[in-house]
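Scroll down for the structure; my scribbles are underneath it.
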Amino acid sequence: MSKKYVYFFGGGQSEGSASMKNLLGGKGVNLADMAELGLPVPPGFTVTTEACSEYYTLGKESLFDLIKPEIGDALAKLEETTNKTFGKGPKPLLVSVRSGAAVSMPGMMDTVLNLGLNDETVEAMIALTNNERFVMDSYRRFIQMFGNVVMGMEHHDFETQLESVKKTTGKVLDTDLDVDDLKEVIKLYKAVVKEVTGEDFPTDPMEQLWRGMGAVFGSWNNPRAIKYRQLNDIRSLWGTAVNVQTMVFGNSGDNSATGVAFTRDPSTGANEYFYGEYLINAQGEDVVAGIRTPQQITKAGSLAWAASQDVSEDVRKSEYPSLEETMPAVFAELDAIRDKLEKHYRDMQDIEFTIENGTLYMLQTRNGKRTAHAAVKIAYDLETEGLISEKEAVLRVEPKQLDQLLHPVFVKESEVEAKTLTIGLPASPGAATGQVVFSADAAEAAKAEGRSVILCRVETSPEDIGGMDACSGILTARGGMTSHAAVVARGMGKCCVSGAGDISIDYKANQFTVNDTVIKEGEWISLNGSTGAVYLGKVDTVDPALEGAFGSIMELADKYRKIGVRTNADTPKDAEVAIKFGAEGIGLCRTEHMFFEGDRITSVRKLILVAEEVKELRKQMRYVDVKEKAALEAKIAIPLSQYNEALTELLPLQKEDFTGIFKALNGLPCTIRLLDPPLHEFLPHDVKGQQEMATEMGLTVAKVKHLVDSLHEFNPMLGHRGCRLGITYPEVTQMQVRAIAEAAVEVEGSKPEIMVPLVGNVKELESQKKIIIDTIKDVEKETGKKLDIKIGTMIEVPRAAITADEIAEQAEFFSFGTNDLTQMGCGFSRDDAGKFLGDYVEKDIYEHDPFAVLDQKGIGKLIQYAVEAGRKTRPNIKLGICGEHGGDPASVEFCCNIGLDYVSCSPYRVPIARLAAAHAAIKAEK
Ligand code: PEP
Ligand code: MG
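So the numbering used here is basically just the index in the sequence shown, starting at one, shifted up by 100.
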């Protein structure tokens, strides 16, 4: 049987079904579903995503030849169902042509409305509706949209014509234009189409339809859609479907309207009232474009909106009444549909509707995009309401989304003191402070320089997507809560204040004005996306409180996850934060970070600067006679005393570090890694620093400089680091282990685990382990206390992974250091690969940056091999991961699936890892 490319819906039945999302796209499948549910959906048909894929493989012409018969049949059926005729009177059928991929990509692809209008059908429409102004307005919108989307013309080609008519007629708003004005606009539009494209505006509706469908398929690969898919990691889709649907008109008079609504509040997740906006006598894009101020659906919402915007009740009632007040019967019908849709889809819905002459039509429903805050609350509420199971509730919150919740909000006192510039709409919650920029490009450039910026736009459009991603917060002068800026910012989890109407932006002068204050590019402002406040200057931020629904969802995550979650923390403060976020111990305590603290760096430098000399002289002393030995002893005296002095200075400091951490951990385990980085990282490379060390050690500056230079390495990451340090300077290992052991004696119940870094050969571990055990024994003897300290290693050198069976003989635990394992396994420098890895990802050589998301096919195989080999030797060996990947959801899932015991990640990623681990466990059950 030949493939079916076109699926009809409407008139209470549908050819498609709920399971066909990949084929029909999100919009298409839900239209089919709603029609089947008996909801008032204007009939239409969906051309499949598979057709889009063929569009790109076979080419447009071949695809169109292939689907022509099906399109003909679907159109005939549509005409029959609607009792209208495409391209002819007396009742012309007009259609919308819209995109709709399996994953929603709001505003990224193209749409054409009012398709089927030409000079002939326009006349028939006038006769039919008796509303010439509405028909003319629809016609000019159609020419503008088709010209832009299909014929590649610019918006301003049309805007200029519209403005010229307004100017000559002295009209201000589009709605002020009368029939004659609109006729003039249409004339000018047609002329500009001819002038710019060299062709007449197409009048044949079939030509309009084919070209419209072609443009929508083509928009799948426009730059902003590609960028959106990259940013949201949307892959392996077939393309977009095309939905051709009978037009209904929200702009056919004052008994008509159009709106967008969410069944629950997409910002907070609240379920107090039906949350949404509408406009009387308007078409869908008017609500989203933010040209007019949208009104609220419910009276309660309207009152809340008026209070937040300082709008008096008189003005609210007369100028911005709710749908509940203006069209109570339609509101009641819509409210009932809200309930039905939520129960049917068992999730918060984002719906689009149109009211044509008092009749309600549903144009779309989909699972609504929401902030992380809302996602958590909605998942929790739906579970308590009995609509979804516990496991579903866990799966409803994307681990990555939690990032938004874990980020700071404004310090109350600091916010109170800040000067308020204006109040806009609280479009996407959170707090942002940054320097003002006025273009997406400027925001991207600032990000590259590491600056935090607020992107200020009159309104945003999908072209701004890169800048919206790059900035810390978004401020728009126009646009409601469902404007492009608001929807996209919420999806990104980015703080956004929209519709700040007091702001007047001057792009040419790179500044905005608000109540006589001029803010120029580069000045600091702050946004509160939860209240809509815009402040002058910087405002301090604080960590958010994680309670209520968040805690409950995390409890559920813990109930279902099968893997432990620890944290990478080097200080008691970090450990405390991580424990608050649910960490079950420290999986990686990098001791070197402690060496930079306070004035201990001087002791560390002293140690390093003499260590080599001490080692060399000791070596020489082994092979000399008594006389020479005496000379060498004299020579070694000072460096050796400085070496020992440095170790003696560091010991109590390290011990103090560990006692602090053990206390913070309160009995939770703590994997402490011995010194790891290349020594030169600690050395002073500036003259001032070298002078200080010269004074401290009684050396010349030239000597210090010489020593620093001699420690320089060409490949430090492959150089004298990790356990190699402990092998050449065993006293450093001894000092660290003594500090750990003495701290463990001091803090009752502490559970240290000592981890040897960068082992590639079991003998390295063996040699370090001997020092560790001897030192622990010494401390036990001195203190009379028995210590239980596990000794293990990192697996971060490929040779270690391959010889894991041998290494497991010596190691009680492995922790996969996937940062170094990726570096050495892929051969990419951790420090420099960023310069070209972006190209690799763009060209799909690696799906992701392998330092951010574990390369499962390569590095993952090494880990799997080591897991199996390690367990073969030591069945109860404890296995974890402590590279950056330990907080990446996809990598966490991999770690769960290969049977690691725990993942360890930075404190702020602990909740993400907990949730990702629960997702992995629940998905694995299926
Ligand atoms: C690693 O290599 O993955 C690791 C955790 O150690 P570091 O990043 O400190 O080298
Ligand atoms: Mg490492």
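Built from N, CA and C at the ideal position, the CB exists for glycine as well. Model, not experiment: these values are computed from the prediction.
Per DSSP, cross-strand counterpart(s) of A341: Numbered from its first residue, the sequence shown carries residue 341 at position 241. Bridge partners of A341: G200.
Secondary structure, alpha helix (DSSP H): runs of 4+ residues fully inside the segment 951–990: 959–973
Endpoints, beta strand (DSSP E) assigned at M462: Against the sequence shown, residue 462 aligns to sequence position 362. From DSSP, the beta strand (DSSP E) with M462 extends over 459–467.
Sequence-distant residues of the same chain with beta carbon closer than 7 angstroms to E796, five excluded per side: Walking along the sequence shown from the start, residue 796 turns up at place 696. Cβ within range, chain order: T702, K706.
Where I761 falls: helix, strand or coil (DSSP): To locate residue 761, count along the sequence shown from 1; it is residue 661. Looking at I761 - three-state DSSP - the assignment turns out to be helix.
Coil, strand or helix - Q1029 by DSSP: This structure cannot settle anything about residue 1029, because the visible part of the chain is limited to 101 through 1026.
CB of D606 within 8 angstroms of CB of N615, strictly: Walking along the sequence shown from the start, residue 606 turns up at place 506. Walking along the sequence shown from the start, residue 615 turns up at place 515. Cβ atoms of D606 and N615: not closer than 8 angstroms.
Supposed close pair A201, G126 - CB separation, criterion 8 angstroms: Working through the sequence shown from its first residue, we reach residue 201 at position 101. Working through the sequence shown from its first residue, we reach residue 126 at position 26. Rounded, the Cβ-Cβ distance is 7 angstroms, consistent with contact.
Segment limits, beta strand (DSSP E) that includes T520: Stepping through the sequence shown from its first residue, residue 520 is reached at position 420. Taken as a continuous stretch (DSSP letters only), the beta strand (DSSP E) holding T520 covers 519–523.
Any residue whose CB is nearer than 7 angstroms to a heavy atom belonging to the ligand MG, listed in chain order: D776, P857, L858, M894, E896, G917, N919, D920
Contacts around T346, its chain only, beta-carbon distance under 7 angstroms, and the 5 residues preceding and following it disregarded: The sequence position of residue 346 within the sequence shown is 246, counting from 1. Contacts found: P142, P143, G144, L178, T182, L193, V195.
First through last residue of the beta strand (DSSP E) which encompasses T617: Numbered from its first residue, the sequence shown carries residue 617 at position 517. Residues 617–620.
Reference T377, options A370, N371, A357, T368, closest by Cα: Indexing the sequence shown from 1 puts residue 377 at position 277. Reading the sequence as shown, one finds Glu at residue 377 and not Thr. E377 has its Cα closest to that of A357, out of A370, N371, A357, T368.
Between the CA atoms of L717 and K500 - distance to the nearest angstrom: For the purposes of this step, residue 500 is taken as residue 400 along the sequence shown, with counting starting at 1. For the purposes of this step, residue 717 is taken as residue 617 along the sequence shown, with counting starting at 1. Answer to the nearest angstrom: the Cα atoms are 55 angstroms apart.
From Q535, I902, E880, G685, residue whose alpha carbon lies closest to that of G960: On the sequence shown, position 860 is the one that residue 960 refers to. Measuring from the Cα of G960, the nearest candidate turns out to be I902.
Through-space distance from D920 to L403, alpha-carbon basis: Translated into positions along the sequence shown, residue 403 becomes position 303. Translated into positions along the sequence shown, residue 920 becomes position 820. If you take the alpha carbons of L403 and D920, they lie about 57 angstroms apart.
For G128 and G110, the rounded distance between their alpha carbons: Locating residue 110 in the sequence shown gives position 10, where the first residue counts as 1. Locating residue 128 in the sequence shown gives position 28, where the first residue counts as 1. One C-alpha to the other measures close to 12 angstroms.
Collapsed DSSP secondary structure at Y1002 in the structure displayed: Within the sequence shown, the letter at position 902 stands for residue 1002. Y1002 falls in the strand class under three-state DSSP.
Within the segment 699–729, ranges of the alpha helix (DSSP H) (whole runs, at least 4 residues): 700–722
V249 to V212 span [Cα, whole Å]: What you label residue 249 is simply residue 149 of the sequence shown in a count that begins at 1. What you label residue 212 is simply residue 112 of the sequence shown in a count that begins at 1. Taking the straight line from one Cα to the other gives about 7 angstroms.
Contact set for G369: own chain, Cβ-Cβ below 6 angstroms, skip 5 residues either direction: Stepping through the sequence shown from its first residue, residue 369 is reached at position 269. A474, K477, I478.
C-beta contact flag for A174 and V222 at 8 angstroms: In the sequence shown, residue 174 corresponds to position 74, counting from 1. In the sequence shown, residue 222 corresponds to position 122, counting from 1. Not a contact, by the Cβ cut-off of 8 angstroms.
beta-carbon R666 near the ligand PEP non-hydrogen atom, thresh 7 angstroms: In the sequence shown, counting from the first residue as 1, residue 666 sits at position 566. The answer is no for R666.
DSSP-derived helix/strand/coil call for C571: For the purposes of this step, residue 571 is taken as the residue at position 471 of the sequence shown. Coil, per DSSP.
Distance between K673 and K886 (C-alpha atoms, nearest Å): To locate residue 886, count along the sequence shown from 1; it is residue 786. To locate residue 673, count along the sequence shown from 1; it is residue 573. Cα to Cα, K886 sits roughly 28 angstroms from K673.
Assigned exposure category for Q868 - 16 Cβ within 10 Å defines buried: Reading the sequence shown from its first residue, position 768 is the one you call residue 868. Buried, since its Cβ has 16 or more Cβ neighbours within 10 Å.
T833 versus Q330: straight-line alpha-carbon distance, rounded: Residue 833 sits at position 733 when you count from the first residue of the sequence shown. Residue 330 sits at position 230 when you count from the first residue of the sequence shown. Distance between the alpha carbons of T833 and Q330 is about 46 angstroms.
Coil, strand or helix - V279 by DSSP: By 1-based counting over the sequence shown, the position of residue 279 is 179. Three-state result, V279: helix.
Between the CA atoms of F108 and P140 - distance to the nearest angstrom: Counted from its first residue, the sequence shown places residue 140 at position 40. Counted from its first residue, the sequence shown places residue 108 at position 8. Each residue's alpha carbon lies about 15 angstroms from the other.
Reduced DSSP category for Y241 - H, G, I as helix; E, B as strand; rest coil: The residue given as residue 241 occupies position 141 in the sequence shown. Position check: residue 241 holds Arg in this sequence, whereas Tyr was assumed. Of the three classes helix, strand and coil, the one that applies to R241 here is helix, per DSSP.
Beta carbon of S1004 nearer than 8 angstroms to that of I977: If you number the sequence shown from 1, residue 1004 lands on position 904. If you number the sequence shown from 1, residue 977 lands on position 877. Contact flag unset, no.
Environment of T340 [buried if 16+ CB atoms lie within 10 Å]: As a position in the sequence shown, residue 340 is number 240, starting the count at 1. Buried: at least 16 other Cβ atoms inside 10 Å.
For G934, the first and last residue of its enclosing alpha helix (DSSP H): Your numbering for residue 934 matches position 834 in the sequence shown. Run containing G934: 934–942, per the alpha helix (DSSP H) assignment.
Rounded straight-line distance, which links the Cα of P302 to that of S153: Position 53 of the sequence shown holds residue 153. Position 202 of the sequence shown holds residue 302. Taking the straight line joining both Cα atoms gives about 27 angstroms.
Supposed contact pair A839 and F758 - C-beta distance, whole angstroms, cut 8 angstroms: As a working note, residue 758 is residue 658 in the sequence shown. As a working note, residue 839 is residue 739 in the sequence shown. Right, their Cβ atoms sit about 6 angstroms apart.
Heavy atom of the ligand PEP within 7 angstroms of R1009 beta-carbon: The residue labelled residue 1009 in the question sits at position 909 within the sequence shown. R1009 Cβ: outside cutoff for every heavy atom of the ligand PEP.
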